[in-house]
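Single-structure report; data block below.
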Amino acid sequence: MHNEIVLAGFGGQGVLLIGKLLAYAGMKAGKEVTWMPAYGPEMRGGTCNCTVVLSDHQIGAPVTKHPHGLIALNLPSLDKFEDAVKPGGVIVVNTSLINRLPHRTDVVVVPVACNEVAKDAGTAKAANMVGLGAFLGASQLVDVDLVKGALEETFAARPKLVPINLVALSKGYEIGMALVPATAAR
Amino acid sequence: MAKKLMKGCEAIGEAAIKAGCRLFFGYPITPQNEIPEYMSARLPQVGGTFVQAESEVAASNMLYGAAGAGCRVMTSSSSPGISLMMEAVSYMAGSELPVVIVNIMRGGPGLGGILPSQSDYFQATKGGGHGDYRCLVLAPASVQEAADLMHEAFDLADKYRNPVFMLGDGLIGQMMEPVEFKTEIDPASLPPKPWATTGCKGRNPNIINSLYLAAEELEEHNWHLQRKYAEITKNEKRFETYNTEGGCDVLVVAYGTVARIARTAIDEMKGGPVKVGLFRPITLWPYPTEALWETAQNAGKVLTCELSCGQMVEDVRYAMMGRKTVAFYGRTGGVVMGPDEVIAQVNQLAGASV
């Protein structure tokens, strides 16, 4: 197993955080992991992204030109990375902020209104968790319970934030599970 | 101890503390700010001291003073900041002071940019400051190795009374990977440094100095340093090979992040018509010249890949002594090459149909 995932949005949406949760859960699952943020000047006011690699083997390049998965939380992210995703990969599209669907027909598309789902869960700020949940539901890449554990540990200093984020993650996960037939992406 | 997911910069900071370092002097610069940030929080917890100096020039001279007093001490910076420290580095080499200096390289020359680069290879391995001096240069390729080498850096600095550089790039500094800290040293348990200026009550004063006005004395001091450098060269070369058993068509030589990218390229080419191996120097000075030649003898052609316009390639060519052609591929300015680019270069060199 070797998976490269790009998580992208604008600064403040929490894409680096969900990337860390994914990497952390991967580590707990016994995988080799890397988490690499794009730390260039484009972070300031523009798009922000990170690359997470999960593998059964020692990881070489921590960055990728052709990821297996993409979580796009805003339109510039989808514009930038859609064409790069490997055929058969998974693209999560945050339809709350992206007014188009991917043109790609050779990937699994998971459209989720992340902001609205998060708002229903209690706060629109947890849109990133919905996106991550949807990706996990569709890809079954890492056990969602490990991600929940990573979330609880990460928010240990601010336990009030845990339940609301867990709900958002679970709701996203259910949407991703329901959208993708068991045979499609797994 | 369980593995933790940490940024390279944070792991370097924690490893330094675990190696018994209790003093940090520095000045902020991207992409290594997480090191001083981490040290400013952690050092007071372990009875250490963090000082943000007024400049890199000041920080490096604080290093001189603290090392002279016998403490395990470090600084970190990135390329332009390291340039500002070069005067003190030469003085510390001349005065034989054990210090660890971390350079998380960014693109240059001048202020350049903040993205990853390997264009300070010459500065780190060939001098940078004035005079006939050498610094040990360690080049990690993962967060775990960065942590492990930090330990070694302090030990080597003390063993040889010499400045040691940790040469990483922005990727190594910013990337998160699982890391395990294998040992922890109590600074009180470190061997005493009888040469240090710790107060001379009851003994003759120690003098830490690099000034020798008599030509013969300065020459003798230089011969002494050269004997030490020869000893280091004999003892401390480190390297790693990958997929070189039984020889290869193309041997890629790369260090740090680029070695990882080359490794991915090699894995993708496995089973194809061109067999590719990797030689990764871990010490850039002393350079594993002989081991590289031995490995290259079983290779058809040699390709050096760097995030620079061609610096380490000179040491690779020196190791080949004209006995093999050495091709070079570099990206610079903060552009990181992808495995596909390495594959294209390898195929072109091997003359294989792609």
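Protein chains in written order, with the numbering used here: chain A, 21 to 206; chain B, 3 to 356.
Glycine is no exception: its CB is placed at the ideal position from the N, C-alpha and C atoms.
Model, not experiment: these values are computed from the prediction.
Item	Value
Find the residues of chain B that neighbour A/G66, judging by a C-beta separation of less than 7 Å, and give them in chain order.	Ordered by position in chain B, no residue passes the 7 Å Cβ test against A/G66, which lies about 15 Å from the chain.
If you draw a straight line from the alpha carbon of A/K100 to that of B/Y135, how long is it in whole angstroms?	48 Å
Consider the Cβ of B/K5: report whether some Cβ of chain A lies at a distance smaller than 8 Å.	yes
Identify whether B/Q54 lies in helix, strand or coil by the three-state DSSP scheme.	strand
Could you have a look at B/K9 and say whether DSSP puts it in helix, strand or coil?	strand
Report the three-state DSSP secondary structure of B/F167 (helix, strand or coil).	strand
Who are B/L280's beta bridge partners in DSSP?	B/Y244, B/V254
Strictly below 7 Å CB to CB, what residues from chain B border A/P57?	Q176
Any beta carbon of chain A sitting closer than 8 Å to that of B/P82?	no
Which bits of chain A does B/D342 rub up against, with CB to CB less than 7 Å?	K85
Whose CA, out of A/H77, A/P107, A/D76, lies closest to the CA of A/L90?	A/P107
Would you mind reading off the limits of the alpha helix (DSSP H) that contains B/Y135?	Looking at the DSSP string, B/Y135 is not in any alpha helix (DSSP H), and its letter there is neither H nor E.
Counting only runs of 3+ residues fully inside the stretch 28–110 of chain A, write out the beta strand (DSSP E) ranges in chain order.	52–57, 67–75, 89–92
Taking the Cβ atom as the reference point for each residue, do B/V53 and B/R24 lie within a distance shorter than 8 Å?	no
Enumerate, from N- to C-terminal direction, the unbroken beta strand (DSSP E) stretches of 3 or more residues contained entirely within the stretch 293–340 of chain B.	301–308, 328–332
In whole angstroms, what is the alpha-carbon distance linking B/Y120 and B/A298?	Note that residue 120 of chain B is Gln in the sequence shown, not Tyr. Going by the C-alpha atoms only, they are around 23 Å apart.
In this structure, how does DSSP classify B/F26 when only helix, strand and coil are distinguished?	strand
Have a look at A/C134, A/V200, A/V164 and flag the residue whose alpha-carbon is nearest the alpha-carbon of A/G34.	A/C134
What does the Cβ neighbour count give for B/F124, buried or exposed, with the cut at 16 atoms within 10 Å?	exposed
Could you compute how far the alpha carbon of B/A43 sits from the alpha carbon of A/D163?	34 Å
I'd like to know whether the C-beta of B/I263 is nearer than 8 Å to at least one C-beta of chain A.	yes
Can you grab the Cα-Cα spacing for the pair A/L41 / A/K48, in whole Å?	10 Å
Would you identify the three-state DSSP class for A/I195, choosing helix, strand or coil?	helix
Hey, would you say A/A138 sits closer than 8 Å to A/A188, going by beta carbons?	yes
Measure the alpha-carbon distance for A/T174 versus B/S212 and round it to whole angstroms.	50 Å
Give a yes or no on whether the C-beta atoms belonging to B/S78 and B/G28 are separated by under 8 Å.	yes
Among B/V338, B/L351, B/T243, B/V75, which one has its Cα closest to the Cα of B/R163?	B/V75
Near A/H77, what residues of its chain come up, given a Cβ to Cβ distance below 8 Å and the 5 sequence neighbours on each side ignored?	H22, E52
Quick one: give me the first and last residue of the alpha helix (DSSP H) that B/E147 is part of.	145–162
Measure how close the beta-carbons of B/A90 and B/L65 come, nearest whole angstrom, since I'm counting them as under 8 Å.	7 Å
Sort B/M152, B/G129, B/G83 by Cα distance to B/R108 and report the nearest one.	B/G83
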